[in-house]
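For reference, the structure is listed below as structure tokens.
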DNA sequence: ATCTATTGTCTCACTTTATGACAATAATTC
DNA sequence: GAATTATTGTCATAAAGTGAGACAATAGAT
């Protein structure tokens, strides 16, 4: 067995489409089972490397911002019946994959990516991998819904750090786009003027000369993070 | 083997003696090696249960506040030479304990306890377990110094939550003591009046009639968390 | 040229925080 | 037992931050 037994990772991959926050969810062939993208760690691989490779395989982007935010270590969190169903539906050898039905402690991560850069690709066990609005996530297997909830909570607590907006937005963006990211994450509307004043006072934004054009009104400045 | 292989936990146990923040560090017999208290997880045990038991064994207190704050998953973090030295110095069977020299992914925790309640007890491999001032932590084995640094960082970020002061202080305390906890954690002095006003406005404190006596000045009120 | 929608900025009221001042008081000292 | 000392709880004022609205500027549509 090339993997570290009983240890896995799962990843809540956040993207922002300009309006709402979304996450990537995969569906297994012929089972109706939904799950977070996840995987295992090879015996000589760093955790970070394993997760990076997993995210890259499924989204095609490298060097994603990743935060490993919590372990889920309940011995009862495994769901061997669902796992067996997935293996059977994919004609996998049950004997050989028995270890997958055992107990797993999983390392919960969240990733922040620029929605537009992504071309989601299902893995060999999965039918599809798609974006789901954070407010309409389907029932997921095992404790994956809990992992999503906790990831969102952590994200909300960390929103003041510029690194978050940086990873959900293109390199140059308008003040309005930045506000929309905040609103999508916090799930509340913010006051335009106060938001703008606050952001500018933080001294983390660089204003650019070139404006954003194409709409029938005053063109907004473009900003990037310093 | 009754433990989950390649997985361990380590714990930064914080206490507050009224002046400075301290942590518990253990020293292995005849080796001069210092380390954080840690351990392994049994195959059918929850992570939380394992850590709780470990902390209880060494401090004698149950139901400690524990936050599992980060995984350390670098495959190079193991130090088989030091581990062998510890086993040899304790006359342990090297063959039987070979697994301990392998690679470990460790789950970093921090615990907050009331300094006065504690009677630290070394485990069977260790000489001693003692409080060390957070500013004079010795060189620890493996990446344990990094774990301490990260724990302190996380603690600083979480200080506004009442749960932290609650676990580092006795049930009733003065405003000054509370301020000293904040100052020790943040490593900076705070303004007395602003601090007091802020704490009272948070509506998390209960003021008691009984005052704290024994000093040659106006007696401060005692408070507890609501 | 005029209109429309949105932007950047300003103002004023209100809230929160910083900083200093001061009276209250428990134990100590005389 | 009166004066002293150190520290506490609270207030006063100044400074900084935030909420809510107003208004001029302007890129493209009409």
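Chains as they are written, first to last, in our numbering: chain V, 12 to 237; chain A, 12 to 237. Where is the CB? At the ideal position from N, CA and C, for every residue including glycine.
Run down chain A in chain order and give the residues with a C-beta less than 9 Å from the C-beta of residue i.
{"i": "residue 171 (chain V)", "result": "Under the 9 Å cutoff, chain A gives no residues; its nearest Cβ is about 11 Å from residue 171 (chain V)."}
Nearest to residue i by alpha carbon, out of the options?
{"i": "residue 184 (chain V)", "options": "V:61, V:87, V:230, V:94", "result": "V:230"}
{"i": "residue 30 (chain V)", "options": "V:208, V:199, V:233, V:53", "result": "V:199"}
{"i": "residue 162 (chain V)", "options": "V:145, V:228, V:176", "result": "V:145"}
{"i": "residue 46 (chain A)", "options": "A:53, A:52, A:54, A:37", "result": "A:37"}
{"i": "residue 22 (chain V)", "options": "V:174, V:96, V:63, V:41", "result": "V:63"}
{"i": "residue 28 (chain A)", "options": "A:188, A:233, A:215, A:201", "result": "A:188"}
{"i": "residue 237 (chain A)", "options": "A:61, A:153, A:215", "result": "A:215"}
{"i": "residue 20 (chain V)", "options": "V:172, V:43, V:92, V:118", "result": "V:118"}
{"i": "residue 76 (chain V)", "options": "V:193, V:104, V:147, V:177", "result": "V:177"}
{"i": "residue 234 (chain V)", "options": "V:67, V:96, V:173, V:101", "result": "V:173"}
{"i": "residue 180 (chain A)", "options": "A:44, A:128, A:42", "result": "A:128"}
{"i": "residue 55 (chain V)", "options": "A:84, A:223, A:100, A:50", "result": "A:84"}
{"i": "residue 67 (chain A)", "options": "A:223, A:35, A:149, A:41", "result": "A:35"}
{"i": "residue 209 (chain V)", "options": "V:226, V:223, V:171, V:232", "result": "V:171"}
{"i": "residue 147 (chain V)", "options": "V:169, V:160, V:139", "result": "V:160"}
{"i": "residue 57 (chain A)", "options": "A:44, A:91, A:18", "result": "A:18"}
Would you mind sorting residue i into buried or exposed? The rule is 16 or more other CB atoms within 10 Å of its CB.
{"i": "residue 195 (chain A)", "result": "buried"}
{"i": "residue 191 (chain A)", "result": "buried"}
{"i": "residue 71 (chain V)", "result": "exposed"}
{"i": "residue 182 (chain V)", "result": "exposed"}
{"i": "residue 204 (chain A)", "result": "exposed"}
{"i": "residue 48 (chain A)", "result": "buried"}
{"i": "residue 12 (chain V)", "result": "exposed"}
{"i": "residue 89 (chain A)", "result": "buried"}
{"i": "residue 219 (chain A)", "result": "exposed"}
{"i": "residue 113 (chain V)", "result": "exposed"}
{"i": "residue 65 (chain V)", "result": "buried"}
{"i": "residue 202 (chain A)", "result": "exposed"}
{"i": "residue 50 (chain A)", "result": "buried"}
{"i": "residue 228 (chain V)", "result": "exposed"}
{"i": "residue 105 (chain V)", "result": "exposed"}
Indicate whether residue i and residue j have their beta-carbon atoms separated by less than 9 Å.
{"i": "residue 33 (chain V)", "j": "residue 142 (chain V)", "result": "yes"}
{"i": "residue 121 (chain V)", "j": "residue 26 (chain V)", "result": "no"}
{"i": "residue 16 (chain A)", "j": "residue 86 (chain V)", "result": "no"}
{"i": "residue 81 (chain A)", "j": "residue 158 (chain A)", "result": "yes"}
{"i": "residue 52 (chain A)", "j": "residue 116 (chain V)", "result": "yes"}
{"i": "residue 98 (chain A)", "j": "residue 111 (chain A)", "result": "yes"}
{"i": "residue 93 (chain V)", "j": "residue 153 (chain V)", "result": "yes"}
{"i": "residue 186 (chain A)", "j": "residue 207 (chain A)", "result": "yes"}
{"i": "residue 100 (chain A)", "j": "residue 40 (chain A)", "result": "yes"}
{"i": "residue 165 (chain A)", "j": "residue 74 (chain A)", "result": "no"}
{"i": "residue 213 (chain V)", "j": "residue 167 (chain V)", "result": "no"}
What does residue i touch in chain A if you count any residue whose Cβ is under 7 Å from its own?
{"i": "residue 84 (chain V)", "result": "57, 58, 59"}
{"i": "residue 118 (chain V)", "result": "82"}
Pull the bridge partners of residue i from the DSSP assignment, please.
{"i": "residue 126 (chain V)", "result": "According to DSSP, residue 126 (chain V) bridges with nothing at all."}
{"i": "residue 116 (chain V)", "result": "V:18"}
{"i": "residue 75 (chain A)", "result": "None, per the DSSP bridge assignment."}
{"i": "residue 218 (chain V)", "result": "V:234"}
{"i": "residue 26 (chain A)", "result": "A:33, A:124"}
{"i": "residue 46 (chain V)", "result": "V:37"}
{"i": "residue 110 (chain V)", "result": "Bridge partners of residue 110 (chain V): none, in fact."}
{"i": "residue 3 (chain A)", "result": "The question about residue 3 (chain A) has no answer here: the residues shown for chain A are numbered 12 through 237."}
{"i": "residue 193 (chain A)", "result": "Beta-bridge pairing links residue 193 (chain A) to no other residue."}
{"i": "residue 51 (chain V)", "result": "V:19"}
{"i": "residue 184 (chain A)", "result": "A:234"}
{"i": "residue 144 (chain A)", "result": "A:33"}
Given that residue i touches chain A, what residues does it touch there, using C-beta distances under 8 Å?
{"i": "residue 16 (chain V)", "result": "15, 16, 17"}
Which residues of chain V have a Cβ atom closer than 9 Å to the Cβ of residue i, listed in chain order?
{"i": "residue 79 (chain A)", "result": "81, 82, 84"}
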